[in-house]
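Below is one structure; the comments refer to it alone.
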Amino acid sequence: VSLAAEGSDSTFDTPGREQKAVADYLTAIGSFSETDVPPAQDDRIQNLTARSDTALASEFFNLNDDDNIFTVTSGLLAGRLGGLRSLGGNDVITGSADADIINGNRSDDQISGLGGDDTLFGGAGNDVLKGDEGNDLLFGDLGNNTLTGGPGSDTLILRPSGGGDVVTDFENGVDFLGLPEGLTFAQLSITQGQAGTLISFGPEVLVTLNGVSSSLVTAESFKAIA
């Protein structure tokens, strides 16, 4: 780069525009002997708020406090790291073909992932979670929840002090039971109940696996969840 004599100071804004091509300044002020490209080919320094972007988007796409019946359309949750969140009400929420994150939050919700590898949270209340297609993560959270993974290799997360969940379609060797941080396989007891396998933490039954023989449930049926 060939340097010319020192030029005068300049500011990086134009009144009313708040943007400026770098080459405009280099050419007009003459701080360099020549520019590499014409101004039209130069990149700009641009205010983020002046364009349509997701840099400042909310973490969640929030529903209201009513009883909602809501279907997620493909691409709706792009850039929403927390996914969709129900604020209240007994909601019926259906996901899209994308890998959706859906939070039931409060009340008694019915959540279906539809397609994609979804992550579903029941939150508080007695919820019904259905993963449907894909390899899904289902968190019953608080309350007495009913979890159905559907096709694919699904993981049903156990939670001490959350309430007793029921899993309707656990397929040993395909689906898994998720152990959150602080919970290990050695801390659990596995017994046969009338409806299926009971998995307990101390006196608390964490989950009932409907129609599953307890003799089939081993350490390989579990995996740690970060």
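Just so you know, we're using this note's numbering here: the sequence shown kicks off at 37 and counts up by one. Ideal Cβ positions, reconstructed from N, Cα and C, are used throughout, including at glycine.
The Cβ atoms of Gly-140 and Gly-158 lie closer than 8 Å to each other.
Leu-178 is a Cβ neighbour of Gly-198, given a cutoff of 8 Å. Counting the other CB atoms within 10 Å of its CB gives Val-164 a total of 16 or more, which places it among the buried residues. Assignment of beta strand (DSSP E) within the stretch 124-190, counting only whole runs of 3 or more residues, yields 128-130, 137-139, 146-148, 155-157, 164-166, 173-175, 182-184 in chain order. For a cut-off of 8 Å, the C-beta gap from Asp-172 to Asp-190 is around 5 Å, short enough to register as a contact. With contacts defined by Cβ atoms closer than 8 Å, Asp-154 and Gly-125 do not form a contacting pair. From the listed residues Leu-117, Leu-112, Thr-107, Phe-237, the smallest Cα separation to Val-128 is found for Thr-107. For Glu-256, the three-state secondary structure derived from DSSP is helix. With distances taken between CA atoms, Ala-260 lies nearest to Leu-194 out of Ile-105, Leu-194, Ser-249. The shortest CA-to-CA distance from Phe-175 to any of Asn-208, Glu-169, Glu-207, Phe-212 is the one to Phe-212. Each residue's CA atom was taken as its position, placing Gly-149 and Leu-234 some 26 Å apart. A distance below 7 Å between beta-carbons, with the five flanking residues on each side excluded, links Ser-257 to the following residues of its chain, in chain order: Asn-208, Phe-212, Leu-213.
If you check the CB distance, Leu-113 and Phe-97 come in under 8 Å.
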